[in-house]
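Inspection log for the structure reproduced underneath, given as structure tokens.
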Amino acid sequence: MGGGYHFPLEDRSVLLSRCRYAVGNATFALQGGGHLEFGESFEECAAREVKEETGLDIGNSLKEQVPQNLEPTKCDDWDWYEWDHLSHPLFGPLEKMVKGAFDPFLI
Numbered sequence: 001m002g003g004g005y006h007f008p009l010e011d012r013s014v015l016l017s018r019c020r021y022a023v024g025n026a027t028f029a030l031q032g033g034g035h036l037e038f039g040e041s042f043e044e045c046a047a048r049e050v051k052e053e054t055g056l057d058i059g060n061s062l063k064e065q066v067p068q069n070l071e072p073t074k075c076d077d078w079d080w081y082e083w084d085h086l087s088h089p090l091f092g093p094l095e096k097m098v099k100g101a102f103d104p105f106l107i
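The numbers in the sequence shown follow the UniProt record's numbering, run straight up by one, and end at 107.
Below, the structure written as structure tokens:
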């Protein structure tokens, strides 16, 4: 099963990277993706995928950690961006969320 997720911070920031995929190449996208392994909860899957892609431990304070690019063939370096001041161009689904006034901090 595939999935996507993001980890907003209290200061209205989200983790973005510029994609290197054929679809969405050179656009900024939220961290996320991967698959659910057998017997794994959604939370465990998210924690594992984040660790594999960025080196971040979601059980700890994200503000005190520095994201690493552990998959340099898939994306450029990760960085925190304020939700109201995202880098452009945005990956299509993220752009639709932003234009549709979606706010992950209201969830």
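Glycine included, each C-beta is placed from N, C-alpha and C at the ideal position.
Under the rule that a run must span 4 or more residues, the alpha helix (DSSP H) segments found entirely inside the region 33-72 read 42-54.
For residue 94, the uninterrupted alpha helix (DSSP H) run begins and ends at 92-99, by DSSP. Residue 9 carries a coil assignment under DSSP once its states are collapsed to helix, strand and coil. Here residue 82 is exposed, its C-beta having fewer than 16 other C-beta atoms within 10 Å. Excluding its 5 nearest sequence neighbours in each direction, residue 20 has C-beta neighbours in its own chain below 6 Å: 74 and 75, listed in chain order.
Residue 66 is not a Cβ neighbour of residue 58, given a cutoff of 7 Å.
Just so you know, the alpha carbons of residue 98 and residue 40 end up roughly 31 Å apart.
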